[in-house]
Amino acid sequence: MPGAGGSVRPDTPLSCVPVLLNVAEEQWVPVLMELRYKREDPFAVELAFHGPVGGLARWRFSRDLLLGGLRGTVGQGEVMIWPSEEHSAGSAL
Numbered sequence: 001m002p003g004a005g006g007s008v009r010p011d012t013p014l015s016c017v018p019v020l021l022n023v024a025e026e027q028w029v030p031v032l033m034e035l036r037y038k039r040e041d042p043f044a045v046e047l048a049f050h051g052p053v054g055g056l057a058r059w060r061f062s063r064d065l066l067l068g069g070l071r072g073t074v075g076q077g078e079v080m081i082w083p084s085e086e087h088s089a090g091s092a093l
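Residue 1 is where the sequence shown starts when you use the numbering used here, and the numbers rise one by one after that.
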């Protein structure tokens, strides 16, 4: 959503996509994930997760972590990102 001069305005959502959020072992919840970019933090992307009752969580990740998650499993502990196994999803996290 470009602003004047083709740049992205701060706090403007870049994309909103449906994802499955792992909330417990073998328990997945369908949510919408909103991605935001802020000029003052150029190496991070903010992800906000929205469920049927509103906002669930808001996290900030490095862009390198998200890019790595397009090619394979990355992260550690409770924060893991990997590509979608669904061929119809294309490049999805």
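C-beta: ideal position from N, C-alpha, C; glycine also.
With DSSP run on the structure shown, which of helix, strand or coil describes G6?
With a pLDDT of 48 at G6, under the threshold of 50, the predicted position of this residue should be treated as unreliable, though the coordinate-derived value follows. Of the three classes helix, strand and coil, the one that applies to G6 here is helix, per DSSP.
Which residue comes first and which comes last in the alpha helix (DSSP H) that contains R39?
That residue, R39, is in no alpha helix (DSSP H); it is neither H nor E in DSSP.
Look up L47 in the DSSP assignment and give the residues it is bridged to.
Paired residue(s): L35, W59.
Have a look at V31, E78, E26, E85 and flag the residue whose alpha-carbon is nearest the alpha-carbon of L56.
It is V31.
Considering V74, what are the terminal residues of the beta strand (DSSP E) in which it resides?
Start and end: 74-76.
For T73, which residues in the same chain have their Cβ closer than 8 angstroms to its Cβ, ignoring the five residues on either side in sequence?
Cβ within range, chain order: M80, I81, W82.
Tell me whether V45 is buried or exposed, calling it buried when 16 or more other Cβ atoms sit within 10 Å of its Cβ.
With 16 or more other Cβ atoms within 10 Å, it is buried.
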